[in-house]
Amino acid sequence: MSSLINATPVTTENLLHQVALLKQQGCRLITLTCLDTGDGHEVIYHFAQKYEMIHLRKHVANGGTLISISTIFFCAMIVENEIKDHFGIEVHGLPIDFQGRLVLSENAPRAPMNKRCGMEIDARVPEPASTVVIAPASPPAKEAVPQTPAKGGVA
Amino acid sequence: MKDKVRFDKSPWVVHFNCNSCNGCDIELLACLSPLYDLERFGIVHVGNPKHADVLVVTGSVNYRNARVLKNVYDQMPHPKVVVAMGVCAATGGVFRECYNVLGGVEKVVPVDVFVPGCPSRPEAMMDGILQAAAKLDEKRRNPDVPVAVSTDTVVRLPAPEAARPALPADTASALATPMEKIA
Amino acid sequence: MSQKSTIPFGPQHPVFPEPIQLRLVLEDEKVVEALPAIGYCHRGLEKLAEKKDFLQDVYLIERICGICSFMHSMNYCQGIEELLGLPVPDRARFLRVIWAEVHRMHSHLLFLGLLADSFGYENLFMQCMRCREDILEVMELTAGNRILLTTCCIGGVRKDIPADQMDQILLALDRVGEQLVDLRNAFSNDYTVKKRLIGVGCLTAAQAHESGAVGPVAKACGVALDLRETGYAAYKELGFKTITETAGDSYARMMVRLRELDQCMELVRKAIQLLPAGPISTPFKGNPTGEVAARIEQPRGELLFFIKGNGTKNLERFRARTPTFANLAPLLQMLPGCQLADVPIIVISIDPCISCTER
């Protein structure tokens, strides 16, 4: 499997250093991409110097935390909040923390972009309140969304 | 279209974009443009729901905007009609299977007219709004017709924390990790 | 002594065609802080794109946004073509440019109309929308639909534009050109327009670079950043040059788009002139494997798609960074210090596309 050209792997220790170095070289931040790799997450930082793209690749283990680079590039704050929403990764050092509620509201599915919280479970279906399962070994059968759309008395 | 379109009063339209891709919204704007000119029927696009008789909704309902849609509808004075513009507003359209999409707007507000299309053509939109305006007249003439109410089932759904699909153990522990414990 | 108050601006607001909320901290009428509250348009399209077949995704991804829909499918197709190592026929590259530039024109005209509407100049809004109908006519003529063209496919384009339609495009461009003379005059010289736009929502070049501004927002501060310069599709043959302004205010952002309209017309005319004969698509087999970061220039700026294929018909990951997402941070820098009455103009001046931003 071919991967992105010039994607430099970084660790938690040298991430901020590398990013600061890129900023010194006059790079701008395009965005961050998070991937669920199964054994954790992979965060790819996309930078660009004029049109030339530079990527950094950071592995986040399960239960690990990501360090925010918003001290260097403030605009990373929004996308880091989005990653927190979508993947449930804790991001440390966010200047404005939306508490995982930037794009998802309080009653929306949590961390929906993770592979195991996938579409096959249909994250929209609320389970009965009595069955609080921590890690479902096999996804429960798909249920219909309980709906009572009060079709108004138009007639 | 009938050669003579007449309404009791000028139906004013408020537009709410729920979850739309903008396709229907810009076609609705095109309806107001000089080529189609909805205003010749006395239809005016207003920003305030309290001024409006017709609610035009584009796009599907998601967890966050269901509440807003309900608010907008509830603020409109009676009698009022709702037009669901485009296939997303009817069923969710291509986005029906998305995790954050609850479905058509009928889950929150009672819909009087559905306009098909992705996006709907301006001609279809105008026809839809005119049909809605005719329904509005009907409602106005029959004050005995019960008020169609919005529902808050979807707005509250799924209400309690425990009702959410459980996270995988590792993600749940990741969420529970205190900030000091950085990998 | 003034007191601070926070007001929610949106999501249902007369000026915004789309739902976005800004939490504005005000000191009397002056904005001191702005915070976005998004999510009113979030669908979860990235996840759905992983679930669908990568061929079906062309249609799905086109619906990220209805205004610049062709650009989305074009960028996605270019990314998949790169993964498959698929060459695109010359004619298809030129046809893509024609549709892309026509789309840019309709998007910019819509922007100009909405901007005029945001400061209450309804007449100008109507003029822009009338001019835009000529462009939509071209799209309907060539693709069969007014907004979502769905003409781009992996390996080329789905549909050819015959010679007689080319003549009609040129005629439509002439009509648009005539109307643009009046529009340009109104936008660049009108007292109201100048009074409301000059000096409103200023951004310096350093701020733009630092906050990652793209598209007309960056170009208006003198940052020449336009991916068409990299020569994807047929832009290399057409000789593209970035348009920039220096003032960095709302007026400059409007002027960039106004000037780009002329440039788009030139590009379409030139593409029609240089259009080579030949096939319009390359057949292919197999599924995409590997990672690619595909970028093109959308009407609002740089669009990035990260696509990861794993050799099956489903993608491993699809990620979209749309230009409005990048322009949110610059917007938050522009707002503090302005008057509450200017907030709609500043927001509209970045040409926000919320359904792009939230997907």
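In order, the protein sequences belong to chains A, B and C. Our numbering numbers the first residue of the first sequence as 381 and each following residue consecutively. Our numbering numbers the first residue of the second sequence as 1312 and each following residue consecutively. Our numbering numbers the first residue of the third sequence as 11 and each following residue consecutively. Even for Gly, the Cβ is constructed at its ideal location relative to N, Cα and C.
Strictly under 8 angstroms for the Cβ-Cβ distance: is residue i near chain B by that measure?
i	result
residue 60 of chain C	no
residue 163 of chain C	no
residue 487 of chain A	yes
residue 527 of chain A	At residue 527 of chain A the pLDDT is 43, less than 50, meaning the model places this residue with poor confidence; the figure from the coordinates comes in the next sentence. Chain B, which has a Cβ nearer than 8 angstroms to the Cβ of residue 527 of chain A, makes this yes.
residue 53 of chain C	yes
residue 484 of chain A	yes
residue 70 of chain C	yes
residue 87 of chain C	no
Does residue i come out as helix, strand or coil in the three-state DSSP assignment?
i	result
residue 1350 of chain B	helix
residue 463 of chain A	helix
residue 433 of chain A	strand
residue 1471 of chain B	Per-residue confidence for residue 1471 of chain B stands at a pLDDT of 36, beneath the threshold of 50, marking its modelled position as unreliable; the derived number appears in the next sentence. Reduced to three states, the DSSP call for residue 1471 of chain B is coil.
residue 194 of chain C	helix
residue 427 of chain A	strand
residue 18 of chain C	strand
residue 502 of chain A	With a pLDDT of 46 at residue 502 of chain A, under the threshold of 50, the modelled position of that residue is not reliable, and the figure given next carries that caveat. Residue state, collapsed to three classes: coil.
residue 1426 of chain B	strand
residue 84 of chain C	helix
residue 1439 of chain B	helix
residue 1344 of chain B	coil
residue 514 of chain A	With a pLDDT of only 40 at residue 514 of chain A, under 50, the local geometry of the prediction cannot be trusted, and the value read off the model is given with reservation. If DSSP states are grouped into helix, strand and coil, residue 514 of chain A belongs with coil.
residue 25 of chain C	coil
residue 1366 of chain B	strand
residue 89 of chain C	helix
residue 328 of chain C	strand
residue 202 of chain C	helix
Does any residue of chain A have a CB that is nearer than 8 angstroms to the CB of residue i?
i	result
residue 48 of chain C	yes
residue 1384 of chain B	no
residue 1411 of chain B	yes
residue 251 of chain C	no
residue 1347 of chain B	no
residue 222 of chain C	yes
Report yes if the C-beta distance between residue i and residue j is below 8 angstroms; otherwise report no.
i	j	result
residue 314 of chain C	residue 331 of chain C	yes
residue 334 of chain C	residue 309 of chain C	no
residue 466 of chain A	residue 491 of chain A	yes
residue 248 of chain C	residue 98 of chain C	no
residue 87 of chain C	residue 163 of chain C	yes
residue 1406 of chain B	residue 55 of chain C	yes
residue 33 of chain C	residue 21 of chain C	no
residue 464 of chain A	residue 480 of chain A	yes
residue 456 of chain A	residue 449 of chain A	yes
residue 243 of chain C	residue 101 of chain C	no
residue 426 of chain A	residue 439 of chain A	no
residue 423 of chain A	residue 409 of chain A	no
residue 298 of chain C	residue 319 of chain C	yes
residue 30 of chain C	residue 50 of chain C	yes
residue 171 of chain C	residue 105 of chain C	yes
residue 43 of chain C	residue 483 of chain A	no
residue 215 of chain C	residue 187 of chain C	no
residue 165 of chain C	residue 294 of chain C	yes
residue 1444 of chain B	residue 1318 of chain B	yes
Under 7 angstroms from any heavy atom of the ligand NAP, does the C-beta of residue i make it?
i	result
residue 77 of chain C	Questions concerning the ligand NAP fall outside what the structure shown contains, since it holds no ligand whatsoever.
Compare the C-beta of residue i against all C-beta atoms of chain C and say whether one is closer than 8 angstroms.
i	result
residue 1377 of chain B	no
residue 409 of chain A	yes
residue 1336 of chain B	yes
residue 415 of chain A	yes
residue 449 of chain A	no
residue 434 of chain A	no
residue 1469 of chain B	Low per-residue confidence applies at residue 1469 of chain B: pLDDT is 46, beneath 50, and the placement is therefore not dependable, though the value from the model is reported in the following sentence. With 8 angstroms as the cut-off, residue 1469 of chain B does not count as an interface residue toward chain C.
residue 1427 of chain B	no
residue 1272 of chain B	The question about residue 1272 of chain B has no answer, for chain B in this structure spans 1312 to 1494.
residue 1388 of chain B	no
residue 477 of chain A	no
residue 1417 of chain B	no
**Item:** the stretch 1349-1364 of chain B touching the stretch 1395-1402 of chain B, judged by at least three CB pairs closer than 8 angstroms
**Value:** no
**Prompt:** Are there three or more Cβ pairs, one per stretch, closer than 8 angstroms when the stretch 1382-1398 of chain B is compared with the stretch 1418-1431 of chain B?
**Reply:** yes
**Message:** So, does the stretch 1340-1353 of chain B touch the stretch 1407-1427 of chain B, judging by three or more C-beta pairs under 8 angstroms?
**Reply:** no
**Prompt:** Taking only runs of the beta strand (DSSP E) that begin and end inside the stretch 27-63 of chain C, which ones reach a length of at least 3 residues, in chain order?
**Reply:** 31-37, 40-47
**Message:** Report the start-end ranges of each alpha helix (DSSP H) in the stretch 97-144 of chain C that is 4 residues or longer and not cut off at the edges.
**Reply:** 100-128
**Message:** Could you check whether the stretch 55-68 of chain C touches the stretch 1372-1392 of chain B, counting it as contact only if at least three pairs of C-beta atoms, one from each stretch, sit closer than 8 angstroms?
**Reply:** no
**Asked** What residue ranges within the stretch 387-414 of chain A form continuous alpha helix (DSSP H) runs of no fewer than 4 residues, ordered along the chain?
**Response** 392-404
**Message:** Whether or not the stretch 148-156 of chain C and the stretch 220-237 of chain C are in contact is what I'm after, with contact meaning three or more pairs of Cβ atoms, one per stretch, closer than 8 angstroms; do they touch?
**Reply:** no
**Item:** Any 3 or more C-beta pairs closer than 8 angstroms across the stretch 253-270 of chain C and the stretch 205-220 of chain C
**Value:** yes
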